[in-house]
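Peer 1: In UniProt numbering, the protein residues as written are 1 to 229. Built from N, CA and C at the ideal position, the CB exists for glycine as well.
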Ligand SMILES: Nc1ncnc2c1ncn2[C@@H]1O[C@H](COP(=O)(O)OP(=O)(O)OP(=O)(O)O)[C@@H](O)[C@H]1O
Ligand SMILES: [Mg+2]
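1) Inspect the CB distances between the region 100 to 111 and the region 126 to 133 and report whether three or more fall short of 8 Å.
2) Counting beta carbon pairs with one atom in the region 3 to 13 and one in the region 28 to 44, are three or more of them shorter than 8 Å?
3) Leaving out five residues before and five after residue 191 in sequence, what residues of the same chain have Cβ atoms less than 7 Å from its Cβ?
4) Kindly give me the distance between the Cβ atoms of residue 66 and residue 16, rounded to whole angstroms, as I take these residues to be in contact under 8 Å.
5) In the DSSP assignment, find the beta strand (DSSP E) that holds residue 140 and state where it starts and stops.
6) When the Cα of residue 204 is compared with those of 87, 135, 54, 173, which residue comes out closest?
7) If you draw a straight line from the alpha carbon of residue 113 to that of residue 144, how long is it in whole angstroms?
8) Here's a check: name, in chain order, each residue in its chain whose Cβ is nearer than 7 Å to the Cβ of residue 59, leaving out the five neighbours to either side.
9) Quick one: using the 10 Å Cβ neighbour count with 16 as the cut-off for buried, is residue 219 buried or exposed?
10) May I have a chain-ordered list of the alpha helix (DSSP H) segments no shorter than 4 residues that lie completely inside the region 45 to 76?
11) Could you give the C-beta distance for residue 158 and residue 89, rounded to a whole number, given that I count them as a contact under 8 Å?
12) Which same chain residues end up closer than 8 Å to residue 26 when comparing Cβ atoms and leaving out the 5 residues on each side of it in sequence?
13) Would you check if the distance between the CB atom of residue 76 and the CB atom of residue 103 is smaller than 9 Å?
14) Among residues of its own chain, excluding the 5 on either side of residue 223, which ones have a beta-carbon nearer than 8 Å to its beta-carbon?
15) According to DSSP, is residue 179 part of a helix, a strand, or is it coil?
16) Measure the Cβ-Cβ separation of residue 201 and residue 168 and say whether it is below 9 Å.
17) Within the present structure, is the beta-carbon of residue 46 separated from the nearest heavy atom of ligand 1 by less than 8 Å?
18) With respect to the beta strand (DSSP E) encompassing residue 218, which residues constitute its N-terminal and C-terminal limits?
19) Do you know how far the Cα of residue 51 is from the Cα of residue 20?
20) I'd like to know whether the C-beta atoms of residue 152 and residue 183 end up nearer to each other than 9 Å.
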């Protein structure tokens, strides 16, 4: 393990409950610069909760999250949302595209929020839709997309700003095996090209195999499985 990349995002001893349900019970995880880590584990083992804590979407009850050497779990909300906008790209388990906007505008939005003009933003959004095989669906609204198409649009949206860390919660959950392969090839290719790190939640062994290593969660605690073949 001596050739592990420099840690970029580090979680230590994370504890988080949803009401009385414990989701994380002392979870630690390191994501290296440019590293692709798969998080697997049974339904309810705390995978999404871990991702939400690492991405600064949910504050843990205990433990710490450090990004680039700085604590993020204690950042004020305004700084946290700025960090999410500039450095992180997130694909949620359950869609979260904006229903009123077309696919291309959903993808263009993060660029426009960062100050890019609409035309240029739409052009880049179109290129990302192309990469994920849904350019033709650019004019459709999320309600008119299939589950798999919506996932591809969500991936394009997460990558369009060139984030340093991509968080993807079951990005192939609605895809058949051929489409999963296409989407994972596009995701991993984009990450390798830009040097982005990826935290990839999946229950599919074939999707996990695209990662550099796999961490399996069991009742809110990770079990390290080591380097993948
Ligand atoms: N908003 C919530 N309110 C109440 N309990 C929650 C909430 N979110 C998660 N939980 C509970 O916390 C535990 C961990 O949930 P989490 O969503 O992190 O699991 P997961 O590993 O992502 O599962 P899945 O594979 O089904 O997506 C589960 O017992 C779940 O019921
Ligand atoms: Mg989940």
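Peer 2: So, from the listed chains and residues:
1) yes
2) yes
3) 36, 166, 198
4) Contact doesn't hold; Cβ gap of about 16 Å is too wide.
5) Note, residue 140: premise wrong, no beta strand (DSSP E); not H, not E.
6) 173
7) 25 Å
8) 73
9) exposed
10) 47 to 54
11) 3 Å
12) 13, 14, 15, 63, 220, 221
13) no
14) 215, 216, 217
15) In the structure shown, the three-state DSSP call for residue 179 is helix.
16) Yes, the Cβ-Cβ distance between residue 201 and residue 168 is below 9 Å.
17) yes
18) Residues 213 to 218.
19) The C-alpha of residue 20 lies about 20 Å from the C-alpha of residue 51.
20) yes
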